[in-house]
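These protein sequence lines are chains A and B, in that order. Residue numbering for the first sequence follows the numbering used here, starting at 470 and increasing by one per position. Residue numbering for the second sequence follows the numbering used here, starting at 7 and increasing by one per position. The structure under discussion appears below in the form of structure tokens.
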Amino acid sequence: MKDFPDIPQAPLRPPSEVMRLKRMGAMFPTRLSFLRTLMRTLATEQVQVRRPVWDISEAGFGHAVYSLELGGYAYSLVAVATDLPPDQRTDRVIATAWDTAYVLYDGVPDADEIARICAAAPRQEAARFTERDLVLSRANKSVRLFSHVVESLRSGRQPDEALVRATGYLMRTTAVYGNGKFGIADRAVYDDRPGLEGPFMAEMLTVWLIRLFTHDLAEHLGGRALDRKLKRHLGIGNSTGLGMAPFLVNHPVLLNNWMMVRETALARVRAVTSLDAEQIACVQALYQRAARHLADWDVPDRSYQARIAVLRQDWRRLEPCFSTAALATEMPVARLLAHTRQSSVDLQELMVALVMEPFGGLVDGLAGCMSDPFGALAVPFAGTAELAAAVDAGFAWALAPDYEAPDQCRQFWYVSAAKQEPRLGLRFDEPGEELESSLDIARCIKALRRDLEQRNEPLSAFLARFPEHALAASRVALGERYPYAEIRDNLIADTCLPIDMLRCKLAFFGASRFDPRSDRWTRITLCQGAPLADELDGRADDWWLPVFGG
Amino acid sequence: MTWSVAEITALASKAARGAGAPAWQAARFGQAAALHLRHGRPATELGEALTSLPDGPAMDLPLALDAALATEAPEAEVMADAPPGLLQSYIDALPCRATATPGEAGVWRLSIDRGAPRVRPAPGRISCSDALIAQMTALAEKTYVPETDASRAAGAGAGLTDND
Chain A
470 MKDFPDIPQA
480 PLRPPSEVMR
490 LKRMGAMFPT
500 RLSFLRTLMR
510 TLATEQVQVR
520 RPVWDISEAG
530 FGHAVYSLEL
540 GGYAYSLVAV
550 ATDLPPDQRT
560 DRVIATAWDT
570 AYVLYDGVPD
580 ADEIARICAA
590 APRQEAARFT
600 ERDLVLSRAN
610 KSVRLFSHVV
620 ESLRSGRQPD
630 EALVRATGYL
640 MRTTAVYGNG
650 KFGIADRAVY
660 DDRPGLEGPF
670 MAEMLTVWLI
680 RLFTHDLAEH
690 LGGRALDRKL
700 KRHLGIGNST
710 GLGMAPFLVN
720 HPVLLNNWMM
730 VRETALARVR
740 AVTSLDAEQI
750 ACVQALYQRA
760 ARHLADWDVP
770 DRSYQARIAV
780 LRQDWRRLEP
790 CFSTAALATE
800 MPVARLLAHT
810 RQSSVDLQEL
820 MVALVMEPFG
830 GLVDGLAGCM
840 SDPFGALAVP
850 FAGTAELAAA
860 VDAGFAWALA
870 PDYEAPDQCR
880 QFWYVSAAKQ
890 EPRLGLRFDE
900 PGEELESSLD
910 IARCIKALRR
920 DLEQRNEPLS
930 AFLARFPEHA
940 LAASRVALGE
950 RYPYAEIRDN
960 LIADTCLPID
970 MLRCKLAFFG
980 ASRFDPRSDR
990 WTRITLCQGA
1000 PLADELDGRA
1010 DDWWLPVFGG
Chain B
7 MTWSVAEITA
17 LASKAARGAG
27 APAWQAARFG
37 QAAALHLRHG
47 RPATELGEAL
57 TSLPDGPAMD
67 LPLALDAALA
77 TEAPEAEVMA
87 DAPPGLLQSY
97 IDALPCRATA
107 TPGEAGVWRL
117 SIDRGAPRVR
127 PAPGRISCSD
137 ALIAQMTALA
147 EKTYVPETDA
157 SRAAGAGAGL
167 TDND
């Protein structure tokens, strides 16, 4: 990790505490979230967004191009808006038509390239793209709010604040594809370019530009400008399902790096010995902002809403901990964290996110360590005795469950034939178990341990006899170097909720207002409260847990 | 038509899985296959490796190379009953730098610099024969599970329409 070694830090929270599904499913965005990092970069680089093409009809259909320069490279979002019948408007990944489609383009497209993208982008997965196309996406209107906003503007009024606050976006993306999908550029094409080195930076840039387009489209149709406060509160929605969940299992080094950085940041701020008056005021303001954010966070799912309600109450009860006197004591951050130590993981993780916020100087530099430029550098085990010892020492969590018990293996992961998307099936009720995807890492490790014998032998000889154990052996080897690489839960147990994996990844993106529609998919809001294109110089980095007017 | 490296990596990995390779060996094959084609090495070597599954170089090469990596010595011998180009592709996909020189009777001498991350190939597109794409696609399809009403109902955006 390219970091300065002499910054004081407390001990890291151990993986046994951090890498649990329940805690991952309680994560909040932090200043290390990718959107936050991107906004800081755009501000530092004094990025100017231009709109060289606006070819949108009075009815709101056509295309537009937004261009910017970042780190010495030009990038453009080509946005294509089409007329979508209501009966075709679905957030499902298997949809075949959308209100809008987008390509983040490498450079500034000429007329031929714009024409190519306008023909291909609306077809999404059914089309082929080129290495000039960096990211592919699409979005559907939030019909109620979009129509309300347009109609309000047409009648000379600003839209209703309560409706804007309730929905929070004009459109929802249903996929944001990167890294080579459908012929677009491999990440290697741009992952060493200034500003796009970090994980998902190109995707986040795309999302932020899509948000600008949704604002412009509504203003175009409405015939007047949106109030800046309303506009800032209009982020971009997203529907995310099971397709995202296996990513965390299939990219263990990346997961380790994200978590390790986050925990290192937490350990640094926990070691802060005192706060000055300005920092105390900042922490107090953040506490109040979080309370307002929670108050505005309503979801239709009853159990999730109940969870939010408990969190609101618990958060309010913490108010004395944020008094000036309490924050003026020694080790104030460690004290704040200790106050939530015995509380729910929701409360703990909200506090974790808050305490990082005032300390950009300690935290932000770590964002450069969140990518995975080299791949897994773990050394394979030479012999089976060494491997068995490593399993016994570090993977008790994987050895504990009885995977023969129905409740411990009731679910299985597979890839669907329809769109080659990951799915989760019920082992005893649905077909396809024989084609199970290898996301059952814990079960694989236990199976490996069972077949490791007392005698030592070369691992290659063992794996020649048991080739099915090679995956588990490689994950155990990873564990030595990458302690936060594994989700330490049984991902095929009936207690496994994919929504927890989704929230973890989406929190790293910078998502807020998690709105689960089942335990397998969720809506979220991205970029809410983020700076608008003309606000990058002033408020690029102060939008943690957005609140209206904040 | 050209392909991204990520597309070929994913397709080749699924193809190996469909041909009978376990997950780890399939993933290694995917990485090696993309580099193999990226460097213009014979596509037929990949097709033959897939045909040989669940035996053959796609099973043997990753184990042999990992056994070499597991030693602390800067050089190790690797027994490889595989086309040199395919061996080279597997070596190119290792996380650290390594070079192989041929010996006798299928034994190669591998020089390993464990402290140096592998040299990333320059970004670029992959051209691939239609025959290999067809072979890999057919094998990959063996790994997919047909959707059911239940799985459809549980997917993202599970409503029929989303006009809210």
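No residue lacks a Cβ here, since even glycine has one placed at the ideal position from N, Cα and C. Quick caveat: nothing in here was measured; it's all calculated off a predicted structure.
Check, Outcome
"Can you tell me whether DSSP reads R641(A) as helix, strand or coil?", "strand"
"With 7 Å as the limit, tell me which residues of the stretch 25 to 37 of chain B have their beta carbon closer than that to any beta carbon of chain A; keep them in chain order.", "P28, A29, W30 and Q31"
"Taking the alpha carbon of M508(A) as the reference point, which residue from C996(A), A845(A) and F1017(A) has its own alpha carbon closest?", "C996(A)"
"Using CA atoms only, rank isn't needed, just tell me which of A111(B), E110(B), Q94(B) and V113(B) is closest to A104(B).", "Q94(B)"
"Let me know if A156(B) comes out buried or exposed under the rule of 16 or more other beta-carbons within 10 Å of its beta-carbon.", "exposed"
"According to the neighbour-count rule (16 or more other Cβ atoms, all chains shown, within 10 Å of its Cβ), is V779(A) buried or exposed?", "exposed"
"Relative to the C-alpha of A88(B), which candidate in A29(B), L52(B), S19(B) and M142(B) has its C-alpha closest?", "L52(B)"
"Tell me which residues of the stretch 621 to 648 of chain A have at least one Cβ-Cβ distance to chain B shorter than 8 Å, keeping chain order.", "R641, T643 and N648"
"What are the uninterrupted segments assigned as beta strand (DSSP E) that are 3 or more residues long and contained completely in the stretch 534 to 596 of chain A, given in chain order?", "542 to 550 and 569 to 575"
"Just the C-alpha distance for G109(B) and S117(B), rounded to the nearest angstrom, thanks.", "13 Å"
"So, is the C-beta of R597(A) closer than 8 Å to a C-beta in chain B?", "yes"
"List the endpoints of the continuous alpha helix (DSSP H) containing I968(A).", "P967 to F978"
"For V814(A), which option in V633(A), D969(A) and R924(A) has the closest C-alpha, if you only look at C-alpha atoms?", "D969(A)"
"Could you tell me the distance, in whole angstroms, from the CA atom of T809(A) to the CA atom of G637(A)?", "30 Å"
"Below 6 Å CB to CB, which residues in the same chain sit around N609(A) once its five sequence neighbours on both sides are set aside?", "R558, W567, D568 and R641"
"When you compare only the Cα positions, how much space is there between D876(A) and S812(A)?", "28 Å"
"Who are the neighbours of P927(A) on chain B, taking C-beta pairs under 9 Å?", "A73 and A76"
"Considering just the uninterrupted stretch of the beta strand (DSSP E) at W866(A), what are its terminal residues?", "Not the beta strand (DSSP E): W866(A) falls in the alpha helix (DSSP H), residues A865 to L868."
"By DSSP, does L1023(A) sit in helix, in strand, or in coil?", "Nothing can be reported for residue 1023(A): it is not among the residues displayed for chain A, which extend from 470 to 1019."
"Using the beta-carbon of each residue, which ones in chain A are nearer than 9 Å to W9(B)?", "G649 and G652"
"For the candidate residues E594(A), R592(A) and L603(A), whose alpha-carbon lies nearest to that of V577(A)?", "L603(A)"
"Would you mind reading off the limits of the beta strand (DSSP E) that contains F983(A)?", "S981 to P985"
"With a CB to CB cut of under 7 Å and the five nearest residues on each side skipped, what residues in its chain are close to G26(B)?", "L59 and P60"
"Is the beta carbon of P668(A) closer than 8 Å to that of F497(A)?", "no"
"Under 8 Å, do V11(B) and D655(A) count as touching if we go by C-beta distance?", "yes"
"At a CB-CB cut-off below 9 Å, which residues of chain A make contact with V125(B)?", "Those within 9 Å of V125(B) in chain A number zero; the least Cβ separation is about 11 Å."
"Answer with buried or exposed for G706(A), where buried requires no fewer than 16 other C-beta atoms within 10 angstroms of its C-beta.", "buried"
"Do you know how far the Cα of G852(A) is from the Cα of P927(A)?", "4 Å"
"Who are the neighbours of F850(A) on chain B, taking C-beta pairs under 7 Å?", "A76"
"Please classify I705(A): does DSSP put it in a helix, a strand, or coil?", "strand"
"Which residue spans inside the stretch 866 to 947 of chain A form an unbroken beta strand (DSSP E) run of at least 3?", "880 to 885 and 891 to 895"
"Go to I525(A), then tell me how far its beta strand (DSSP E) extends in each direction, as first and last residue.", "R519 to I525"
"Quick check on DSSP: helix, strand or coil for A845(A)?", "coil"
"Is the CB-CB distance between L14(B) and I132(B) below 8 Å?", "Leu is not the amino acid found at residue 14(B); the sequence shown has Ile there. Against a cut-off of 8 Å, the Cβ pair of I132(B) and I14(B) comes out as a contact."
"Specify the secondary structure class of L166(B) as computed by DSSP and reduced to three states.", "Here the model assigns L166(B) a pLDDT of 47, short of 50, so the residue's position is not dependable and the matter cannot be decided."
"From A82(B) to R115(B), what does the alpha carbon distance come to, in whole angstroms?", "6 Å"
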